[in-house]
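These notes concern the structure reproduced below.
This is the structure in C-alpha cells:
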C-alpha cells in the first residue's frame, strides 16, 4: 500500500482531475444523468462531498460513522463550491496527519490513514470522470494517475466490499489505456455517453 506521503500525492492528482470535471458544471446541468444509475449530477456532487467529509473526519479524529457528517444542511445552494471546500479540508487533514499507519475506524471498517487517503484518491478520480461525462466532456483519467491506482484498486475493492459501492467490472474487448481500465474495473463503460435532456 502506498505510504501516506504517496497517498497525499495521489489525492492531489485525483482532486486536480475531479475539479476539472466539476468546473464544467453549470446550474442547468445539475439534472443531467450520470454513469451512476439513478443519480443526476447534483446527487453525485452531494455524494462525493459527503464521502469526502467522512474521510476527512476519519483522518482527523481516527473514528467516524460511515454516513454523512452530522449537521450539514440537506440542500446546498452551490454543490460545486461545497465540493471544493470539502476537498480542501481532506487535503489539509492528510497533510497534518503525523502517523500515516495509525488505524482509523469508518463505521465497522478499520483502515490505516494511508489506506483512507488512497481510497479517497480512487473514489474522487472515478467520480471526477462521472462528472465530466455528465457534462458532455471527454476527459479521460490521466494515464499516470490511473496506472498507479490500477494495481491498488483490487486490494481495496474486493468481491466482498464491492456490493453497494461499485457495479461489477466491465469487460473490455481488447487492450485499453489505463484510464479506461480503471473506470471499467469500477463498473463504468469507458465510452459511456450521458443521454441528452429529454424532449419536452
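Residue numbers (the working numbering): 1 to 200. Glycine included, every Cβ here is placed at the ideal spot set by N, Cα and C. In this text, all values refer to a predicted model and were calculated from it rather than measured experimentally.
Anticipated Cβ contact below 8 angstroms, residue i with residue j, distance rounded
i, j, result
"residue 34", "residue 133", "7 angstroms"
"residue 46", "residue 77", "Wrong, their Cβ atoms sit about 12 angstroms apart, outside the cutoff."
"residue 128", "residue 14", "7 angstroms"
Contacts around residue i, its chain only, beta-carbon distance under 6 angstroms, and the 5 residues preceding and following it disregarded
i, result
"residue 86", "49, 52, 53"
"residue 167", "187"
"residue 7", "114, 117, 118"
Helix, strand or coil at residue i according to DSSP, with G and I counted as helix
i, result
"residue 50", "helix"
"residue 111", "strand"
"residue 69", "In this prediction, residue 69 scores a pLDDT of 49, lower than 50, which makes its location untrustworthy; the coordinate-derived value is nonetheless stated afterwards. Residue 69: coil per DSSP, three-state reduction."
"residue 78", "coil"
"residue 16", "helix"
"residue 27", "helix"
Extent of the continuous alpha helix (DSSP H) to which residue i belongs
i, result
"residue 135", "It is not in any alpha helix (DSSP H) - residue 135 carries neither H nor E in the DSSP assignment."
"residue 185", "178–185"
"residue 152", "143–156"
Own chain partners of residue i with C-beta closer than 8 angstroms, once the 5 adjacent residues on each side are dropped
i, result
"residue 10", "2, 117, 118, 121, 145, 148, 149"
"residue 69", "With a pLDDT of 49 at residue 69, under the threshold of 50, the predicted position of this residue should be treated as unreliable, though the coordinate-derived value follows. Hits under 8 angstroms: 50, 53, 54, 57."
"residue 157", "122, 165, 166, 185, 186"
"residue 169", "184, 185, 186, 187"
Same chain, Cβ closer than 7 angstroms to residue i, five either side skipped, listed in chain order
i, result
"residue 123", "51"
"residue 23", "none"
"residue 60", "93"
Using a Cβ distance threshold of 8 angstroms, determine whether the region 164–181 contacts the region 135–146, with at least three qualifying pairs required.
Touching, yes.
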